[in-house]
Structures are given as structure tokens and as C-alpha cells.
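Participant: Below is the structure I would like to discuss, written out as C-alpha cells.
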Amino acid sequence: MIENLSVLLPGLAVSLRLLGLALLAGLPLGLLAGIALFRSPRWLRWPVAVLTEVGRGFPALVTVYLVYFGFPQVGVVLNDVAALTVAFGFTTASYTADLFRSALASVPKAQHEAIAALALPPLKGFALVLLPQALRHALPALIGFAVIVFQGTALAFSIGLKEVIGIAYDEGTLRFDVLPLLITAAALYLAVSLILTALASGLQRRLDPTARPATRRRALPRPAPVTTLKESA
Amino acid sequence: MSTISPPVTALSVTGLAKSYGPLEVLKNVDLDVARGEVVAIIGPSGSGKSTFIRCLNRLEEPDAGTVMLDGAGLAPSLTSKELRALRRKVGMVFQSFNLFPTHTALENVVLPQVHSLGRSRQQAEARARELLAKVGLGERADHKPAQLSGGQQQRVAIARALALDPEIMLFDEPTSAIDPELRVEVLRVMRDVAAEGMTMLVVTHEMNFARQVADRVVFFADGTIVEQAEPAAFFASPQHERTRRFLAAVLEEEL
């Protein structure tokens with residue numbers, strides 16, 4: 000087991016690097032797209048909505064193939080890591096756009112009214128009041144999604160980049176015994192996923208001391224809380 | 000030494016009307032408020048009293064009518080710049096406090112000063128600390144809203160509104176969402192603000208506040224002002240049947 004681990008660890012470094020690159024490329028784009036979906040003129044919102052639907056509708060494997068094998072047809076040749084960064088980044092942006100959008104939408108109307116009543120300029124109100132609340136709200140779901148992206152990095156195997164699964168498969172084939180290595184690989188994925196999930200609930204506790212610990216795993220943020228502003232006419 | 004001068008009108012509302020579809024929430028409401036005057040607005044739920052004060056800082060857009068603030072008329076439709084200028088002069092305290100949950104009490108009071116008034120951070124912070132001390136929360140400046148009681152949150156919200164040095168303060172049922180035993184601390188702060196000469200419009204169900212602090216009680220029902228008088232007269236001898244029914248119901252509840 001230990002020996003298997005030491006064989007796979009270099010692969011883990013590749014997987015984590017892919018995860019980092021995917022998040023680095025995908026999260027800022029996802030945030031921008033989420034803001035566009037939340038509040039922007041129709042000419043912008045529409046194309047963004049179509050793009051993110053495409054990004055979520057395509058299986059990640061198809062997106063990887065399209066970028067790695069398809070882009071060269073139109074003259075864009077990317078190496079394996081760059082292609083995976085583009086593909087995973089696009090998928091990440093597409094999924095997280097909706098997480099960011101719904102987190103922004105979940106900020107209660109009362110906060111918008113406070114911004115207005117205090118005469119804050121709209122952009123300041125957005126950046127200083129709405130966005131921090133939305134990010135806090137989105138964080139657990141984002142980390143949950145990062146776990147999925149991490150598992151998705153195994154797709155790098157399909158274009159020959161040697162990450163955890165690729166190494167497990169190659170090495171296992173040489174030994175005529177793939178199973179022990181695959182089990183070790185699975186354990187590695189599980190360990191990283193558990194760490195990320197623990198990080199999520201720890202962060203959530205720190206950000207919101209009154210919230211109950213997040214025990215359930217969520218792929219999507221909870222629905223917007225019903226505004227408590229009573230109809231006070 | 001005080002000189003008696005004729006009252007200066009701080010706010011003058013004429014013909015204010017607002018409908019939601021077929022429902023007329025405000026029907027031709029007129030009201031003049033003198034500078035430094037404290038007006039308690041009472042009435043049954045759905046009488047239009049909250050909508051009325053929300054029209055004054057344009058959280059609701061009135062359908063008709065004019066609002067004059069300090070002698071300056073406000074156009075029916077304002078540019079966003081004019082709207083912000085109006086809202087800087089009109090402080091508002093909400094029923095549900097509406098503090099910014101990601102910011103500390105201090106930051107809640109500092110932020111609008113810096114970004115709405117353009118005060119320096121240093122100035123804003125000094126003023127915020129002074130106001131928080133005034134509402135009895137000097138020690139809690141670094142707490143987040145979630146770590147404060149409802150009464151404390153509302154006092155921070157009052158400090159936040161005062162920090163913009165408004166000409167008028169609007170209170171929309173400021174104690175309705177607060178535990179009864181904590182209301183007193185909020186009412187005390189409001190009483191202090193009134194004593195300093197702030198012009199205040201207070202939508203409230205607190206009859207004692209109306210009786211003891213207000214200069215005038217305005218009774219809303221069915222989208223209009225049914226009756227108004229100074230508190231002693233208002234509570235002792237209400238003129239209208241509708242007012243008597245309302246007072247009988249709420250005063251019985253208070254016993």
C-alpha cells in the first residue's frame with residue numbers, strides 16, 4: 000500500500016495542479032458570468048446564459064476532446080495541461096455561474112432597500128454589501144463543486160496526461176494487477192475530497208458563527224430564504 | 000435662553016397617492032411636519048402608514064402628489080443622482096434592522112459615511128464610535144449583527160442612519176420585530192434623538208411612545224389620515240368613530 004502510494008503521489012501533484020488551474024480559470028469567469036446572469040442588459044445576459052448552458056450540457060469529457068482535438072482544426076494548438084485548463088475552466092465557469100447567480104439572488108430584498116435608503120451608489124452597494132453576502136452564501140456549494148472538479152481531473156487520463164488514474168493504470172498493467180493500484184488511487188481521491196469537505200464546513204462555521212454545521216453535501220446552494228419583510232403597508 | 004420663532008416646515012406632503020393594481024393604498028394624503036417635530040403615525044395594518052413613509056424616501060414610487068423637503072420640491076421622477084441626494088437627507092430605520100451582516104457594527108456605521116457622503120475613513124470612524132457610544136453600544140463596536148440582540152441591532156441601525164446627518168428620520172415600526180423587554184432600550188434612544196431636535200416620523204404600535212414622546216399623533220386608516228391631534232387630546236377625546244374603535248382595541252390589548 001505504501002509503495003503503491005509512493006508510485007501514485009506524483010500523479011496526485013498533477014491532479015491537484017489541474018484542479019488549481021481549473022479553479023483559477025473558472026471561478027473568476029463564473030463570478031463574472033453569474034453577475035451577468037443576475038443583473039445585466041438582455042444583450043449580455045442572453046449569450047452568457049447560452050454559453051453556460053452549453054458548458055453544463057456537454058459532458059466534461061466531450062469538452063476536453065473538443066478543446067484538445069478540435070481547437071487545432073481552427074489553428075489553436077494547446078498542450079495537454081493548457082487544453083485541460085481551458086476545458087475544465089469552461090465547465091467550472093458554467094456550473095459556478097449559476098451558483099453565483101443564485102447566491103446573489105438570495106440576498107434579501109431588505110438589504111437592497113438598506114443600500115438604497117443609505118444613498119450608497121449602486122456599484123459600491125453591490126461590491127461592498129451584496130457581493131460579500133453572496134460569496135459567503137455560495138462558499139459551501141463552491142467547495143462542494145471543487146470536489147467534483149477534482150474527481151473530474153481523472154479525465155486527463157483520456158488525453159494521455161499522467162495523473163493519478165493514468166499512473167495507476169500504466170503501472171498496474173505492467174504488474175498484470177491493476178486492482179490494488181486503482182483501490183489506492185480511489186483512497187487518495189477520497190482523502191482529498193474529505194479534506195476539502197472538512198475545509199468547507201470549517202470555513203462556513205468561521206464565516207457564519209450562528210449557522211448550524213453543514214452536514215449534508217450539497218451540489219446546489221439552498222433556495223433563497225423567504226424575505227422576512229412583512230407586507231407592512 | 001430660547002426665542003420663540005415660527006415653526007419652519009421640514010416636510011410638506013400634498014396629494015400623495017399610491018395604488019397597487021386596483022388596491023388604493025394611499026388616497027390623497029396631505030401632511031406638513033415642522034422642523035424638530037415628532038410625529039407618531041398609528042393605525043391598523045394595511046392602512047397605508049408604512050407605504051406613506053416609504054414614499055417619502057422613494058423606496059416606493061408614489062403615483063401622484065408632491066413632497067417638499069425643507070422647502071425644496073421634489074420632481075415626480077428623479078434621476079438616480081437626485082434620488083441619492085434626497086436619501087442622504089432622509090434617514091430610515093427599518094422594522095427588520097437591515098444591518099449588513101458581513102460587517103461589524105462599527106463598519107455598518109462607517110460604510111455609508113465614506114461611500115455616500117465621501118467622508119474620510121478616519122472622520123467616519125470617529126463619528127461612528129461617538130454615535131455607537133450614544134446608543135449605548137460603544138463596547139459592541141466590533142460585533143457582527145448576528146452577535147447582537149434585536150434591540151442592539153436596531154440601535155446600531157439608528158446610529159447608522161444618524162451618521163449621515165439627515166434632516167429627517169423615518170422609523171418604520173422600529174420595535175415590532177424586537178422582544179418586548181428589549182424594546183425599551185430602542186425607545187429610549189429614539190426619545191434621546193427626539194430630544195435633540197430631530198424631525199421624526201415614526202410608524203409605531205407603541206402607544207406609550209406616541210403619548211409621551213410625539214408632538215402629534217396621526218391616525219391612518221384605509222389609506223387616508225382620519226384624524227390628527229397632539230397626543231393628550233388624541234388619546235383623551237378621539238373625534239372619529241374609526242379612531243375610537245382602533246384605540247379601544249389597542250388599548251385593551253395593552254392592559
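One line per chain: the protein sequences are A and B, in this order.
With numbering that gives the first Met the number 0, letter number 27 in the first sequence gets 26, and the count goes up by one each step, no holes.
With numbering that gives the first Met the number 0, letter number 100 in the second sequence gets 99, and the count goes up by one each step, no holes.
Note that CB positions come from ideal geometry on N, CA and C, so glycine has one too.
(1) With 16 other CB atoms within 10 Å as the buried threshold, where does Phe-170 of chain B fall?
(2) Specify whether the region 190-201 of chain A and the region 124-137 of chain A touch according to this definition: at least 3 beta carbon pairs, one from each stretch, less than 8 Å apart.
(3) Please report the straight-line C-alpha distance between Arg-86 of chain B and Leu-55 of chain B, rounded to a whole angstrom.
(4) At least one CB of chain B closer than 7 Å to the CB of Val-225 of chain A: is that the case?
(5) Does DSSP put Glu-162 of chain A in a helix, a strand or coil?
(6) Chain A partners of Leu-101 of chain B, CB-CB under 7 Å?
(7) Considering just the uninterrupted stretch of the beta strand (DSSP E) at Ala-220 of chain B, what are its terminal residues?
(8) Taking the straight line between their C-alpha atoms, what separation do you get for Leu-77 of chain B and Ala-84 of chain B?
(9) Please decide whether Ala-24 of chain A counts as near chain B, where near means a Cβ-Cβ distance under 7 Å.
(10) Tell me which same chain residues have a C-beta within less than 8 Å of the C-beta of Leu-141 of chain A, skipping the five on either side of it?
(11) By a C-beta neighbour count over all protein chains shown, 10 Å radius and 16 as the cutoff for buried, is Glu-172 of chain B buried or exposed?
(12) Would Lys-123 of chain A count as contacting chain B if we go by Cβ distances under 7 Å?
(13) With distances taken from CA atoms, which of A:Arg-204, A:Ala-197, A:Arg-205, A:Tyr-168 is nearest Leu-7 of chain A?
(14) What residues in its chain sit with their C-beta under 7 Å from that of Asn-107 of chain B, if we drop five residues either side in the sequence?
(15) Within 7 Å of any Cβ in chain B, is that where the Cβ of Val-233 of chain A sits?
(16) Let me check understanding here. Comparing Cα to Cα, which of A:Ser-105, A:Thr-91, A:Leu-198 lies closest to Ala-21 of chain A?
(17) Indicate whether Glu-162 of chain A and Val-63 of chain A have their beta-carbon atoms separated by less than 7 Å.
(18) Taking DSSP's pairing of strands, which residues face Ser-224 of chain B in a bridge?
(19) Go through its chain and collect everything with a Cβ distance to Arg-53 of chain B's Cβ below 6 Å, but skip five positions before and after it.
(20) Taking Phe-96 of chain B and Gln-146 of chain B to be in contact with their CB atoms under 8 Å, please state how far apart those CB atoms are, rounded to whole angstroms.
(21) When the Cα of Leu-22 of chain B is compared with those of B:Gln-122, B:Ser-46, B:Val-188, which residue comes out closest?
(22) Under 9 Å Cβ-Cβ, which residues of chain A neighbour Leu-163 of chain B?
(23) What separation, rounded to the nearest whole angstrom, lies between the Cα atoms of Met-0 of chain B and Glu-195 of chain B?
(24) Between the alpha carbons of Ile-158 of chain A and Val-61 of chain A, how many angstroms are there, rounded?
(25) In the DSSP assignment, find the unbroken beta strand (DSSP E) run with Leu-200 of chain B in it and report its ends.
(26) Listing by chain order, which chain A residues have their CB less than 7 Å from the CB of Met-91 of chain B?
(27) Would you report the Cα separation of Ala-140 of chain B and Glu-129 of chain B, rounded to the nearest angstrom?
(28) Considering just the uninterrupted stretch of the alpha helix (DSSP H) at Gly-201 of chain A, what are its terminal residues?
(29) Can you tell me which residues form a DSSP beta bridge with Gly-90 of chain B?
(30) With respect to the beta strand (DSSP E) encompassing Ser-49 of chain B, which residues constitute its N-terminal and C-terminal limits?
(31) With distances taken Cα to Cα, identify the nearest neighbour of Val-37 of chain B among B:Val-212, B:Leu-68, B:Gly-137.
(32) Step through the CB atoms of chain A and report whether any lies within less than 7 Å of the CB of Arg-241 of chain B.
(33) Val-47 of chain A and Leu-36 of chain A: beta carbons closer than 7 Å?
(34) Can the beta-carbon of Ser-49 of chain B be found less than 7 Å from the beta-carbon of Val-216 of chain B?
(35) Counting contacts by CB-CB distance shorter than 7 Å, is Pro-256 of chain B in contact with chain A?
(36) Is Thr-8 of chain B near the ligand FMN, going by C-beta to nearest heavy atom under 6 Å?
Facilitator: Quick look at the numbers:
(1) buried
(2) no
(3) 9 Å
(4) Caution applies to Val-225 of chain A, whose pLDDT of 42 falls short of 50 and renders its modelled position unreliable; the value that the coordinates give is listed next. Chain B, which has no Cβ nearer than 7 Å to the Cβ of Val-225 of chain A, makes this no.
(5) coil
(6) In the sequence under discussion, the amino acid at residue 101 of chain B is Thr, which differs from the Leu named in the question. Going along chain A in sequence order, the residues near Thr-101 of chain B (Cβ under 7 Å) are Pro-131, Gln-132, Arg-135.
(7) 215-220
(8) 10 Å
(9) no
(10) Leu-26, Thr-95, Leu-98
(11) buried
(12) yes
(13) A:Tyr-168
(14) Leu-98, Phe-99, Val-155, Arg-159
(15) The structure shown does not extend to residue 233 of chain A, since chain A spans only 0 to 232, so no value can be given for it.
(16) A:Thr-91
(17) no
(18) Sequence check: residue 224 of chain B is Ile here, not Ser. In DSSP, Ile-224 of chain B forms a bridge with B:Phe-219.
(19) Glu-59
(20) Rounded, the Cβ-Cβ distance is 13 Å, inconsistent with contact.
(21) B:Ser-46
(22) Leu-117, Ala-118
(23) Only weak support is given to the placement of Met-0 of chain B: the predicted model assigns it a pLDDT of 46, under 50, and the value that follows is read from those uncertain coordinates. About 16 Å.
(24) 11 Å
(25) 198-202
(26) Ala-116
(27) 11 Å
(28) 178-206
(29) B:Met-168
(30) Element bounds for Ser-49 of chain B: not the beta strand (DSSP E) but the alpha helix (DSSP H), 48-55.
(31) B:Val-212
(32) no
(33) yes
(34) no
(35) Outside the displayed range of chain B (0 to 254) lies residue 256 of chain B, so it cannot be described from this structure.
(36) Ligands displayed in this structure: none; no statement on the ligand FMN is therefore possible.
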